[in-house]
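Numbering of the sequence shown is given in numbering that gives the first Met the number 0, commencing with residue 0 and proceeding in unit increments.
First up is the structure itself, then whatever we jot down about it.
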Amino acid sequence: MASEERDEVVARYARSSGLSRRGRVALGTAGVLALTGVVSYIGLKQATPTLTATVLGYQVASDHSIDVRFRVDNRESDRAATCTVRARSYSGDEVGRLDVPVPTGSRARELSATVKTSSRAITGEVVECRLT
């Protein structure tokens, strides 16, 4: 009878062969931290653009053209890029657009573009730059 009671106690209170509660918590925490690290890395990679463009200035050349100067910073300077420059009228309508090729070789480059317009423009801007 004593051995039956002992077997019953061992069956009820013996440790299981799986992970302990502390082990499961530690494993879960490590998994969450690893996932957070991966998501953070991807987010930072997407938040830091490869190409950035800054308008340095523009000058209305005539009622049908505007000159736009801009700087392109290309972290992947071994790849060519294209920047889209547009002109806007006083009302905000787009009156001209031009794709400007950005050659390889330099991480930072200043460019200028003359955008032909359908009517008088008052501002020039870089809409986007993309690797080609």
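Ideal Cβ positions, reconstructed from N, Cα and C, are used throughout, including at glycine.
Beta-carbon contacts of residue i that lie in its chain and below 6 Å, excluding the five residues immediately before and after
i	result
T122	R87
A52	F69, V71, C82, V125, C128
Element boundaries [beta strand (DSSP E), containing residue i]
i	result
E93	93-101
E75	Counting along the chain, E75 falls outside any beta strand (DSSP E), and DSSP gives it neither H nor E.
T53	50-61
T83	80-87
S111	107-115
Assigned exposure category for residue i - 16 Cβ within 10 Å defines buried
i	result
V114	buried
I41	exposed
V126	exposed
V67	buried
T28	exposed
A80	buried
V24	exposed
For residue i, the nearest candidate out of the options (CA to CA)
i	options	result
S64	S19, R106, E4, L97	L97
V84	Y57, R78, S105	Y57
G104	E75, T53, A25, R129	E75
A60	T131, S2, T116	T116
N73	T49, S90, L26, L34	T49
G95	A112, T35, P102, L26	A112
Neighbourhood of residue i by C-beta distance below 7 Å, restricted to the same chain and skipping five residues each side
i	result
A1	none
Same chain, Cβ closer than 8 Å to residue i, five either side skipped, listed in chain order
i	result
L55	R68, F69, R70, E109
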